[in-house]
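For reference, the structure discussed in these notes is given below.
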Amino acid sequence: MSWWWPFRRKEQRSVSFQDVWGSGSGPAHLSGGGQERALRLAPVYAATRLLSDSVASMPLKSYLGEGSTRQPIVSPRIFTRPAAVGTRYDWLHRCMTSLTLRGNAYGLVVSHDANGWPDQVEWLHPDDVHVEDNLAPVPVWYYKGRRLDPGQLFHIPAYTLPGQILGLSPIAYFATTTDTGLLAQQFGRDWFANGSTPAAVLETDREISKETAGILKARFKEAAEGRDIVALGLGTKYKPISVPANESQFLETIKASANQIAAIYGVPPEKIGGETGGSLTYATVEQNSIDLLTWTLRPWLARLEEALSLLRPPAEDVRFNVDAMLRTDTLTRYQTYRIARVIGLRSVDELRLLEDLEPLPNGEGKSYAPLVKAATDETES
Numbered sequence: 067m068s069w070w071w072p073f074r075r076k077e078q079r080s081v082s083f084q085d086v087w088g089s090g091s092g093p094a095h096l097s098g099g100g101q102e103r104a105l106r107l108a109p110v111y112a113a114t115r116l117l118s119d120s121v122a123s124m125p126l127k128s129y130l131g132e133g134s135t136r137q138p139i140v141s142p143r144i145f146t147r148p149a150a151v152g153t154r155y156d157w158l159h160r161c162m163t164s165l166t167l168r169g170n171a172y173g174l175v176v177s178h179d180a181n182g183w184p185d186q187v188e189w190l191h192p193d194d195v196h197v198e199d200n201l202a203p204v205p206v207w208y209y210k211g212r213r214l215d216p217g218q219l220f221h222i223p224a225y226t227l228p229g230q231i232l233g234l235s236p237i238a239y240f241a242t243t244t245d246t247g248l249l250a251q252q253f254g255r256d257w258f259a260n261g262s263t264p265a266a267v268l269e270t271d272r273e274i275s276k277e278t279a280g281i282l283k284a285r286f287k288e289a290a291e292g293r294d295i296v297a298l299g300l301g302t303k304y305k306p307i308s309v310p311a312n313e314s315q316f317l318e319t320i321k322a323s324a325n326q327i328a329a330i331y332g333v334p335p336e337k338i339g340g341e342t343g344g345s346l347t348y349a350t351v352e353q354n355s356i357d358l359l360t361w362t363l364r365p366w367l368a369r370l371e372e373a374l375s376l377l378r379p380p381a382e383d384v385r386f387n388v389d390a391m392l393r394t395d396t397l398t399r400y401q402t403y404r405i406a407r408v409i410g411l412r413s414v415d416e417l418r419l420l421e422d423l424e425p426l427p428n429g430e431g432k433s434y435a436p437l438v439k440a441a442t443d444e445t446e447s
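The numbering of the sequence shown is the numbering used here, which starts it at 67 and goes up by one.
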């Protein structure tokens, strides 16, 4: 079956980023324009970057079967070279960026393997994709006004309401929050760049002319620029004006916006410039990572795992290796390895692989047999 390739006008023309990610020509608050404007707000950029980078950096593993027959298999091309542009990391990052900013990820299936399953999917700019009826049980998709064939579009929604196909866009629904943060950010820039109040005042008890005042000001600025000692005369005193930043309220507004954005995306406020509301601390870096994985990343990972598994036969599924995110100290890691080996959970070769070591020679490390004697000795000791 031949499939339409929308990113190539001529056979010799290479695929560009603009072709893949689109032009962003929709309404300002929903389109790429509003999306890029929201990204100028540091907490939005930080939150979406944290989610996208964290998910994209996790390894993907493919499995066949269920329960006791479930075995890892060589990952198909869709999870190793999923797009013509960029790497697997870039592919997952684009997907997460679209989901976190616009609430939907739209993938165009551009090629299939020998068994008819997709092996390349290009993510489309949300502005260029439209659905005929958001409430229809069988959606009809359009890309830049062209109707797509059934099964040609792969859609992942992030946050949906019952009876609807499209996910809700955080940027659209919380435009007031991002606008407030951007206005506070702009106010802060103008405050420091334009000088909302004079930096200082030169005071004297004498009455001086405008010309004399200009001379005093110029003499002071000249000496101050060279970081030299200033001698003004006429009993002139220097009085700096310091307006506390908290009186202008823009810093508090920025922090409040960061906390609201953290709540929207479910990320720890302190990771995007906000403040925590309590005295919670983390005993170890590992515990911090577990908390981030459990409460922030796990829902995204589960959503992607189920969606990406639809690209493969029913007997196969895909899972993220979350262990790659959990970094422990050497002693804790080796103790965990020992327990896994004693109870027969992992073989020596598998444990060596986790440390990037070669398998033991002559197949000595392939056994999964529980080390009963070792376990008994450890209990007695």
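Glycine residues also receive a C-beta, built at the ideal position from the N, C-alpha and C atoms.
A Cβ-Cβ distance of about 12 Å is found for the pair R418 and P427, leaving them out of contact under the 8 Å criterion. Contact between the region 368-386 and the region 335-344 is not established, with fewer than three Cβ pairs separated by less than 8 Å. Sorting Q252, A112, G431 by C-alpha distance to the C-alpha of E416 places G431 at the top.
Within the region 333-391, the runs of beta strand (DSSP E) that reach at least 3 residues and sit entirely inside it are, in chain order, 382-386.
Cβ contact annotation for A328 (same chain, cutoff 6 Å, sequence separation greater than five): P335, I338, G340, in chain order. DSSP places H221 in the strand class (E or B) of the three-state scheme. According to DSSP, S177 shares a beta bridge with Q186. A straight-line Cα-Cα distance of about 58 Å links S323 and G429. The C-alpha of W207 lies about 27 Å from the C-alpha of T153. Per DSSP, the continuous beta strand (DSSP E) segment holding Q137 begins and ends at 137-139. Its Cα nearest to that of E372, the residue H221 stands out among H221, I330, V195, Q186. Cβ-Cβ separation between G169 and S235: approximately 4 Å, consistent with a contact (criterion under 8 Å). Per DSSP, R160 has no beta bridge partner at all.
The beta carbons of E382 and S128 sit closer together than 8 Å. Measuring C-alpha to C-alpha distances from L370 to each of W157, L227, P216, E269 identifies W157 as the nearest. About 4 Å separates the beta carbons of Y172 and V195, which is inside the 8 Å limit, making them a contact pair. For V195, the uninterrupted beta strand (DSSP E) run begins and ends at 195-197, by DSSP. L190 is not a Cβ neighbour of Q230, given a cutoff of 8 Å. Using a Cβ-Cβ distance cut-off of 8 Å, the region 384-391 and the region 115-131 are in contact, since at least three pairs of beta carbons, one from each stretch, lie closer than that value.
DSSP places R147 outside both helix and strand once states are collapsed to three, so it counts as coil. A distance below 8 Å between beta-carbons, with the five flanking residues on each side excluded, links L367 to the following residues of its chain, in chain order: V121, M124, F386, V388.
T302 and Q252 have their alpha carbons spaced roughly 36 Å apart. Beyond the five residues adjoining it in sequence on each side, S433 comes within less than 7 Å, by CB distance, of S413 in the same chain, given in chain order. With contacts defined by Cβ atoms closer than 8 Å, E198 and P205 form a contacting pair.
For S120, the uninterrupted alpha helix (DSSP H) run begins and ends at 108-122, by DSSP. In this structure, T114 keeps its C-beta atom at 8 Å or more from the C-beta atom of T146.
Selection T402, Y400, P436 evaluated against V408 yields P436 as nearest (Cα-Cα).
When only Cα atoms are considered, I356 and Y155 end up about 22 Å apart.
Y403 and L423 have their C-alpha atoms some 14 Å from each other. DSSP places Y239 inside the alpha helix (DSSP H), whose first and last residues are 236-239. Excluding residues up to 5 positions away in sequence, W157, Q186, V187, E188 lie with their Cβ nearer than 7 Å to the Cβ of A149 in the same chain.
Here the C-alpha atom of R285 lies approximately 48 Å from the C-alpha atom of Q326.
Sequence-distant Cβ neighbours of I139 in its own chain, meaning closer than 6 Å and more than five residues away, are S128, L130. Within the same chain, D194 come within 6 Å of K210 by CB-CB distance, once the 5 residues on both sides are set aside. Secondary structure at K127: strand, using DSSP grouped into helix, strand and coil.
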